[in-house]
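A quick write-up on the structure given underneath.
Residue numbers (this note's numbering): -17 to 184.
Written out as structure tokens, the structure is:
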């Protein structure tokens, strides 16, 4: 919901940082993998009972996720780079809830499964739409220049990062927060399905 609105504010500093890294020979794929490693470290810290400490690697991971595209644009973007980026994003988005489930499986298990199921549905609606948009040669840069077609929705990257930060600051609220956010993810997925039914109707 907020991604398109914040892109004009965050893109200039990200692009400047990306150009600097590219000039030093850093590749976009390297930044992507560093971001994934930081995200997995955050998930591990959460699972070990230190969600507060997980905040720093979590936020640095998302910074890397923004910078990798800027590095690619400063050099030579590749389809594989875009593919690697989205795969690493989905691994990160699954790892953080898994960390909270591992932290307290007896109390967090069902809510965590509900949340991950909602992520699965939301991801399927997003990627399926992107495939059909590519088939029809649809283009958009509302959320920055991307390898895949990014559709809007009630919940996007900014909201998910905010949700993860809230979980780290208030881990005791995981169960109700997971149910609320998961429900909104299902609503987002349904809205994309309805949009696809209108846009891709034969």
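Note that CB positions come from ideal geometry on N, CA and C, so glycine has one too.
Practice prompt. Would you kindly work out how many angstroms separate the C-alpha atoms of residue 43 and residue 22, rounded to a whole number?
Written response: Here the question's residue 43 lines up with position 61 in the chain shown. Here the question's residue 22 lines up with position 40 in the chain shown. C-alpha separation (whole angstroms): 9 Å.
Worksheet item: So, residue 25 versus residue 77, is the Cβ gap smaller than 8 Å?
Response: Indexing the chain shown from 1 puts residue 25 at position 43. Indexing the chain shown from 1 puts residue 77 at position 95. For residue 25 and residue 77, yes; Cβs fall inside 8 Å.
Worksheet item: Residue range of the alpha helix (DSSP H) that residue 39 falls in?
Response: As a first step, residue 39 must be located in the chain shown, where it is residue number 57. From DSSP, the alpha helix (DSSP H) with residue 39 extends over 33 to 56.
Worksheet item: Is there a Cβ from chain D that is less than 8 Å from the Cβ of residue 71?
Response: Of the chains in the structure shown, none is chain D; there is only one protein chain.
Practice prompt. Look at the Cβ atom of residue 11, then the Cβ atom of residue 51, and state whether they are nearer than 8 Å.
Written response: Translated into positions along the chain shown, residue 11 becomes position 29. Translated into positions along the chain shown, residue 51 becomes position 69. The answer is no: Cβ separation not under 8 Å.
Practice prompt. Just the C-alpha distance for residue -16 and residue 144, rounded to the nearest angstrom, thanks.
Written response: Your numbering for residue -16 matches position 2 in the chain shown. Your numbering for residue 144 matches position 162 in the chain shown. Note that residue -16 scores 49 on pLDDT, short of 50, meaning its location in the model is unreliable; the coordinates nonetheless yield the value given after this. Answer to the nearest angstrom: the Cα atoms are 11 Å apart.
Worksheet item: Touch check for the region 52 to 62 and the region 71 to 85: three-plus C-beta pairs under 8 Å?
Response: Pairwise C-beta distances place the region 52 to 62 out of contact with the region 71 to 85, as fewer than three of them are shorter than 8 Å.
Worksheet item: Considering only residues of the same chain and omitting the five flanking positions on each side of residue 13, which have a CB-CB separation below 8 Å?
Response: Here residue 13 is taken as the residue at index 31 of the chain shown, counted from 1. The residues are 3, 46, 49, 50, 53.
Worksheet item: Nearest CA to the CA of residue 138: which residue from 6, 101, 1?
Response: To locate residue 138, count along the chain shown from 1; it is residue 156. Nearest option by C-alpha distance: 101.
Worksheet item: Does the region 148 to 163 touch the region 78 to 87, meaning 3 or more C-beta pairs lie closer than 8 Å?
Response: yes
Item to complete: Answer with buried or exposed for residue 99, where buried requires no fewer than 16 other C-beta atoms within 10 angstroms of its C-beta.
Response: The residue you call residue 99 lines up with position 117 of the chain shown. Residue 99 is exposed by the Cβ-count criterion.
Worksheet entry | Bounding residues of the alpha helix (DSSP H) (the contiguous stretch that carries residue 6) | Along the chain shown, one-based indexing puts residue 6 at 24. Residue 6 -> no alpha helix (DSSP H), and no H or E assigned at all.
Worksheet item: Applying the criterion that 16 or more other CB atoms from any shown protein chain within 10 Å of the CB defines a buried residue, is residue 158 buried or exposed?
Response: In the chain shown, the residue the question calls residue 158 occupies position 176. Burial call: exposed.
Item to complete: Could you check the C-alpha separation between residue 125 and residue 141 for me, to the nearest Å?
Response: The residue given as residue 125 occupies position 143 in the chain shown. The residue given as residue 141 occupies position 159 in the chain shown. For residue 125, the predicted model reports a pLDDT of 45, less than 50, meaning its position is unreliable; a value from the coordinates is still stated below. If I take the Cα positions, the gap works out to 14 Å.
Practice prompt. Check whether the Cβ atoms of residue 164 and residue 109 sit closer than 8 Å, and answer yes or no.
Written response: As a working note, residue 164 is residue 182 in the chain shown. As a working note, residue 109 is residue 127 in the chain shown. Not closer than 8 Å, so no.
Worksheet entry | The alpha helix (DSSP H) enclosing residue 137, as first and last residue numbers | To locate residue 137, count along the chain shown from 1; it is residue 155. From DSSP, residue 137 is part of no alpha helix (DSSP H); its letter is neither H nor E.
Discussion item. If distances are taken between C-alpha atoms only, which option among 86, 33, 90 comes closest to residue 161?
Written reply: Sequence index remark: in the chain shown, residue 161 carries index 179 (1-based). The shortest Cα separation from residue 161 among 86, 33, 90 belongs to 90.
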